[in-house]
Amino acid sequence: MGAISDLYAAYSTLVLFAGVAALLALSIYVTLMAGQLSLGNAALATIGGYTAAILTKTYHAALWPALFAGALLATAVAILIGIPCLRLRGIYLAIATLAFGEVVRVAALNMTITGGALGLVGIAPLVSFPHIYGALAVAAFFFYRLERSRTGRAFAAIREDEAAAQAMGIRVTTYKVLAFAIAGFIAGLAGGLSVHFTYLINPAQASFGEAVTILTYAVFGGTGTFAGPILGGMVLTVLPEALRFLKEYRLLLDGAILVLVTTYLPNGVLDPLLRRLRPREALAGGTRRHRRA
Amino acid sequence: MAVFLQQLVNGISLGSVYALFALGFTLVFGVLEIINLAHPAVLAVGALLAYTLLVDAKAGLALAVAGACAGGGLLGLLLDAVAFRPLRLRGASRLSSLITSIGIALILVNLAQIVWGTEPLSYPPGTVPLRFFTAGPVTVSLLQGVVLATVIALMIGLRLLLVRTRLGLAIRAVAENPQTASLLGMPFDRVVAFTFFLSSALGAVAGVLVGMLFQGSVSPFMGNTYGLKGLAAIILGGMGDITGAVLGGLVMGIGEVMIVQYLNSSYRDAVAFGLLFLVLVLRPTGLLGQQRSREA
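Residue numbers (our numbering), protein chains in the order written: chain S, 2 to 294; chain Y, 188 to 483.
Right, dumping it as C-alpha cells:
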C-alpha cells in the first residue's frame, strides 16, 4: 500500500492532467458528434481558466461558483462564435475556430486583467483528485445518456447527412449551437479546474498547438463513442511521461504514434478493443463513424 | 505619405514571403483538398538547411537557396509517401490526413531540434550585402530586393509550369476532378507526389527568405507563426486559388505592417485573425474564390 501511495504522490499531478485532458477531449467530441470540427476548445478552456482564476484570486470567490462562472462564460462565447460559424463546414469551420483561438490568445496577451504575457500566477491550490474525476464522471455519465438520447441521435443524423436531417424535421441550427454550447461548458470547466492545480495560466494555453493537441486526444482514442476521447486524452497525457527515458526522441515517437494510429487504426485505439469484446455491437456501430469530417 | 509609401514597400516584401509560403498550402489544398499542417515544419527545415549550407559549407546564397529548395522538395515527396498516400489508399477522411500531417510536423521539428539545437540562429552577416536604393521618399534595401526578386521569379516559374507544361496540365486536371483525370490516364499518385514536391520546395525557400529578413529567426519552431499566417492568407484569397494565395499573402503582409505603423503593434495578430474570421463568416469563398458550396 505504501508503494502505491508513494507512486501516487510522485505522479499525482500527472493523474490530474490526464483527467483534464479527458475533459478537453470530450469537449471536442461533442462537436464532432454533430459533425462539426471545432478547434476553438483550447481558447474556450483558457477563457474558463482565466475567469475562474480571476474570481478566486482577486475576488476570493469559492471554487465551484468560480468554476461555473468560467464555464458559463465559455459557453456564452462558444454560442456567440457558433452562430456565425454555422455557415461553415469541415476545414473552413476548423480554420475559423482556430482564428478565434488566436484572437483570444492575443487579447489575453494584451489585457491587464489577464496579466499580459506572464499570465496569472499564484492561483490558489484548490483542486485535487475528487474535483477533476468527479467532474469527469459526471461528464462521462452525461455523454453516456446523451448518445442514447433524442439529442444524440439528432447530432448523429446531422453528422451523417445534414440535408437529410433537415428534411426529417431536425432543427439543424439549434442542435449545432447546442453542441457548441456543451463544448464551451466542458472546455471552460476543464480550464477552470486545471488552473487551480497548476497555479498559473498564460496566453500560450490558447495557442494553435494546444488546440491541435486536444483534437489529437479525440482522434487517437476514436470518436465512435465517448469512451474513446477519454481514453485518448489519458493515454496521450501519460505516454510522454512514460517515454521520458527516450529524452529528446520523445516527440519523435509521439509524432510516429499519431501517424501510425491514424493510418492503421482509423477509428482510434479503442475500436479494435471494443470489437474484440463485443463483436456484434461494435460492428453495428460501424456505420456511426466519421467519414466526412 | 512618405511613411505610408515606405511601409507599403516593407509590407510588400514581408507579404511576398507569406505569399510564397501560402502557395505551398494552396497547391496541396487545390489538388487534394487537405490542409498539410507539416508545411510550417518544412519551412523551418528549409531555413535550417540553408543555414548549414551558408555557415558550415560556406556556400553562396544562390547555392543555399537552391539546396533548401531541393531538400524541401525531397522532404515533400517523403511527406506524401509516409503521411498521405497510405491514407489515400485506405480512403480515409480528410480529418485523418490533418492528424497525420500534425504527426509528421512533430517528427520533423523534433529531428530538427536534435540536428540543429533549439537556439535561434541567424544567417552570417553580409549574406546579402547591406546596401540601399533610394527612389524619392522610398528606400529599398538590397535584401528586400533579393526577396522580392526571388518570390517573383518563383511565381512566374510556377505559373509557366502550371500553364505551359504537360505536368502542369496534369496537376490542374487532377485538381479539377481526380476521378475523371485518373480515367483519362493521368497518373494520379505521381501527380500528387509532384505537387507535394513543388509545395514543399516553395515552403523551404520561404523559410530561407524569412531567415534572411529577420535576424535570429531561424529555429526548428519558426514555422509556428507562419503556419497560421499562411492559412489566413489562403483563406483571404480563396482556398486552392493560386492568384488568391499571392493576393492573400500580400494583404496580410501589408496589413500587418500598416497596423503596426498606424494602430497598435501588440494587436497586430489579433486584427489579422479577426479579419480572417470576418472573411470566413461574411465571404467564405475568399476574396477571389468562386461561389460554390464550402464543404470540405
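Virtual Cβ for every residue (Gly too), placed ideally from N, Cα, C.
Exercise. What are the boundary residues of the beta strand (DSSP E) that V325/Y is part of?
Worked result: Taken as a continuous stretch (DSSP letters only), the beta strand (DSSP E) holding V325/Y covers 325-328.
For this session: Give, in chain order, every residue of the segment 295-318 of chain Y whose Cβ lies closer than 9 angstroms to some Cβ of chain S.
Result: Taking 9 angstroms as the Cβ-Cβ cut-off against chain S, the residues of the segment 295-318 of chain Y that qualify are L295, V296, N297, L298, Q300, I301.
Exercise. From V338/Y, V433/Y, S453/Y, pick the residue whose C-alpha is nearest to that of V397/Y; which is it?
Worked result: Among V338/Y, V433/Y, S453/Y, the Cα nearest to that of V397/Y is on V338/Y.
Problem set entry | Same chain, Cβ closer than 7 angstroms to L89/S, neighbours up to 5 away in sequence not counted | Excluding residues within five positions, the ones whose Cβ falls inside 7 angstroms are A97.
For this session: State yes or no: is the C-beta of M373/Y within less than 9 angstroms of the C-beta of G198/Y?
Result: No, these two residues do not count as a Cβ contact at 9 angstroms.
Exercise. Mind pulling the chain Y residues with CB within less than 8 angstroms of L259/S?
Worked result: Residues of chain Y passing the Cβ test: I286, T287, I289, G290, L293.
For this session: Specify, as a first and last residue, the run of the beta strand (DSSP E) that F319/Y falls within.
Result: Element bounds for F319/Y: 319-322.
Exercise. Should the segment 257-272 of chain Y be regarded as contacting the segment 314-331 of chain Y, the criterion being three or more beta carbon pairs within less than 8 angstroms?
Worked result: No contact exists between the segment 257-272 of chain Y and the segment 314-331 of chain Y.
Problem set entry | F216/Y and I421/Y closer than 9 angstroms at C-beta | Taking 9 angstroms as the Cβ cut-off, F216/Y and I421/Y qualify as a contacting pair.
Exercise. What are the uninterrupted segments assigned as alpha helix (DSSP H) that are 4 or more residues long and contained completely in the segment 360-399 of chain Y, given in chain order?
Worked result: Runs of the alpha helix (DSSP H) inside the segment 360-399 of chain Y: 365-370.
For this session: Kindly list, in the order they appear in chain Y, the residues whose Cβ is closer than 7 angstroms to that of F181/S.
Result: Near F181/S there are no residues of chain Y at all, since even the closest Cβ is about 14 angstroms away, more than 7 angstroms.
For this session: Check each candidate in I29/S, S13/S, V78/S and name the one with the smallest Cα separation from G223/S.
Result: Nearest of I29/S, S13/S, V78/S to G223/S, Cα basis: I29/S.
For this session: Would you mind sorting N364/Y into buried or exposed? The rule is 16 or more other CB atoms within 10 Å of its CB.
Result: N364/Y should be labelled exposed.
Exercise. If G71/S sits next to T52/S, beta carbons under 8 angstroms apart, how far is it from one beta carbon to the other, in whole angstroms?
Worked result: Contact holds; Cβ gap of about 4 angstroms.
Exercise. Can you find a C-beta in chain Y that's less than 9 angstroms from the C-beta of G210/S?
Worked result: Taking Cβ atoms only, chain Y reaches closer than 9 angstroms to G210/S, which makes this a yes.
Exercise. Going by Cα to Cα distance, which pick from G278/Y, L201/Y, G254/Y is closest to L266/S?
Worked result: Closest by alpha carbon: G278/Y.
Problem set entry | Buried versus exposed, by CB contacts within 10 Å (16 or more), H61/S | Sixteen is the threshold: since fewer than 16 other Cβ atoms of the shown chains lie within 10 Å of the Cβ of H61/S, the residue is exposed.
Exercise. Helix or strand or just coil, what does DSSP make of I441/Y?
Worked result: Looking at I441/Y - three-state DSSP - the assignment turns out to be helix.
Exercise. Looking at C-beta atoms only, is the number of pairs between the segment 132-151 of chain S and the segment 18-34 of chain S that lie closer than 8 angstroms three or more?
Worked result: Touching, yes, given that three or more Cβ pairs across the two stretches are closer than 8 angstroms.
Exercise. Which residues share a DSSP beta bridge with I202/S?
Worked result: In the DSSP assignment, the residues bridged to I202/S are L121/S.
Exercise. Nearest chain Y C-beta to N111/S closer than 9 angstroms, yes or no?
Worked result: Closer than 9 angstroms to some Cβ of chain Y, the Cβ of N111/S qualifies, so yes.
For this session: Per DSSP, which residues does L266/Y bridge with? Please list them.
Result: Its beta-bridge partners do not exist; DSSP assigns none.
Problem set entry | Separation of A228/S from G153/S, as counted between CA atoms | CA-CA distance, G153/S to A228/S, rounds to 15 angstroms.
For this session: Round the Cβ separation of A432/Y and A206/Y to the nearest angstrom and send it over; I've been treating them as touching at under 8 angstroms.
Result: A Cβ-Cβ distance of about 6 angstroms is found for the pair A432/Y and A206/Y, placing them in contact under the 8 angstroms criterion.
For this session: Flag this pair as touching only if the segment 155-170 of chain S and the segment 30-37 of chain S have three or more C-beta atom pairs under 8 angstroms; answer yes or no.
Result: Yes: the two stretches touch, three or more of their Cβ pairs being nearer than 8 angstroms.
Problem set entry | Three-state secondary structure assigned by DSSP to L89/S | DSSP places L89/S in coil when its eight states are reduced to three.
Exercise. In whole angstroms, what separates the C-alpha of R361/Y from that of V218/Y?
Worked result: It is worth fixing the name first, because residue 361/Y is Val in this sequence and not Arg. Distance between the alpha carbons of V361/Y and V218/Y: 6 angstroms.
Exercise. Helix, strand or coil for V213/S per DSSP?
Worked result: V213/S falls in the helix class under three-state DSSP.
Exercise. With a cut-off of 9 angstroms, does the C-beta of P273/S fall near any C-beta of chain Y?
Worked result: No, P273/S does not count as interfacial toward chain Y.
Exercise. Around the Cβ of P204/S, are there at least 16 other Cβ atoms within 10 angstroms (buried) or fewer (exposed)?
Worked result: The residue in question, P204/S, is buried, as its Cβ has 16 or more Cβ neighbours within 10 Å.
Exercise. At a CB-CB cut-off below 9 angstroms, which residues of chain S make contact with N411/Y?
Worked result: Ordered by position in chain S, the residues that pass the 9 angstroms Cβ test against N411/Y are S208, F209, G210.
For this session: Indicate whether at least one CB of chain Y lies closer than 9 angstroms to the CB of L253/S.
Result: Output row for L253/S: interface = yes.
For this session: Identify, in the order they occur along the chain, each residue of the same chain with its Cβ nearer than 7 angstroms to the Cβ of Q37/S, setting aside the five sequence neighbours on each side.
Result: L94, K177, A180.
Exercise. Is the Cβ of G461/Y closer than 9 angstroms to any Cβ of chain S?
Worked result: The beta carbon of G461/Y falls within 9 angstroms of a beta carbon belonging to chain S, placing the residue at that interface.
Exercise. On the three-state DSSP scale, how would you describe L210/Y?
Worked result: If DSSP states are grouped into helix, strand and coil, L210/Y belongs with the helices.
For this session: Could you tell me whether any Cβ in chain S is nearer than 9 angstroms to the Cβ of F381/Y?
Result: Under the Cβ criterion of 9 angstroms, F381/Y is not counted among the residues facing chain S.
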